[in-house]
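In what follows, a single structure is set out as structure tokens and then discussed.
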Amino acid sequence: MKKSNLQNLKKIALILLLTISISCSTNDVIDSSIDESTLQESPDSTELHAKASCDTSFPNLGPGSPQSCSDVSNPNNKGTLDCRTSETYGGYDNISGGWGRYKIIGGTIRYNNTKTRVERFFNTLSRSPNKETVLTGRFRIYDLSDGNTCIIQSHAGGLIKKGVEAGKKNSSAQFLLYARKVTVNGVNKIRLETHVTTNPYTPSGGGRTVTNFKTINYGQEYTFRYETGYNSSNTAFSKIKVGGTEKNIIHNHTTERVYTRYGAYGTSDTGDKTAHIQFKDINHCRD
């Protein structure tokens, strides 16, 4: 091959290399003006299903949980239905596209002294190092009342074995993801909040810390992943991820067991009293 031809080939190769490099660099630029809450993402569940056992059987409804409405025969969503609301508006239904619909309405009626709810729940996880449950799926919110509505929570049970109030009986959830109405620049939006128990609820009371988590749109589909259980130090933890927003929590108290619920819990009892949440592609797995 002539020397001039070889030099020409080298020049062409260099130009192609520079073109590819510029193209890749352009695709890697992050547009900081993009509103993350408008993006849809794929569930991060491949690794989970490869290493964990996913639930195929579910608990019976516990005593003292009056049912005001019934489940459907083959629900699109997994878990045991706890239904405490007026059927004039609320309850659970299968709808098209594999979605499950949860509707609740507030009012003066209390179901075993609790607010209205339509939720699903799973078997408990007993405390042990490096044990966790993971709830994954998709949700979208169409209606919220004038009050907050919880869409995902974990309830810690038994005695508090470690941390604040050790030795006392735990009486409440340790983590809740709440949704509430907000207005951003004149547009109706939804603000997700994390409610984390920092003063454990025992027979003598308790309290939680509320933190803004993510602002989302009505009617838009979001992936989620909620992990809870016990880390290598046998300390209780939670991790919540919605779309690309994630939060890790090490709880300041650790109980004997924990279980997860999702759906719709709590509305305003006056004014706008209704809430409507939908879920699909639900999996609850444990490791």
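For the sequence shown, my numbering gives the first residue as -10, with consecutive numbering after it. Backbone N, C-alpha and C define an ideal beta-carbon position, used for all residues, glycine too.
Check whether residue i and residue j have beta carbons under 8 Å apart
i, j, result
"Gln142", "Arg250", "yes"
"Thr198", "Ala225", "no"
"Leu114", "Thr122", "yes"
"Asn83", "Lys269", "no"
"Tyr100", "Arg90", "no"
"Phe202", "Lys228", "no"
"Thr212", "Arg275", "no"
"Ile94", "Tyr78", "yes"
"Tyr285", "Tyr254", "The displayed coordinates of the chain run from -10 to 276. Any statement about residue 285 would go beyond what the structure contains."
"Arg149", "Pro189", "For the sequence presented, residue 149 should be read as Ile rather than Arg. Against a cut-off of 8 Å, the Cβ pair of Pro189 and Ile149 comes out as a contact."
Burial state of residue i, where buried means 16 or more other Cβ atoms lie within 10 Å
i, result
"Ile266", "buried"
"Asn16", "The predicted position of Asn16 is uncertain, since its pLDDT is 26 and thus under 50; no value can be drawn from it."
"Val231", "buried"
"Thr125", "buried"
"Thr105", "buried"
Contact belief for residue i with residue j at Cβ below 8 Å, rounded distance in angstroms
i, j, result
"Ala168", "Thr138", "5 Å"
"Lys92", "Val107", "7 Å"
"Ala264", "Ser85", "Actually they are not in contact, since the Cβ atoms of Ala264 and Ser85 sit about 21 Å apart, beyond 8 Å."
"Gly194", "Thr187", "So it is not a contact: roughly 13 Å between Cβ atoms."
Nearest neighbour of residue i, chosen from the options [CA to CA]
i, options, result
"Leu166", "Gly68, Tyr81, Ile238", "Ile238"
"Tyr248", "Tyr254, Lys158, Tyr215, Asn223", "Tyr215"
"Thr204", "Ser57, Pro52, Arg129, Gly87", "Arg129"
"Ser46", "Cys58, Asn112, Asn101", "Asn112"
"Arg109", "Leu50, Thr217, Gln209", "Leu50"
"Glu154", "His184, Pro192, Ile179", "Pro192"
"Gly260", "Leu70, Gly96, Gly218", "Gly96"
Counterpart residues of residue i in DSSP-defined beta bridges
i, result
"Asn101", "Note: Asn101 sits in no beta bridge, so no partner."
"Ile141", "Leu166, Tyr251"
"Ala225", "Tyr219"
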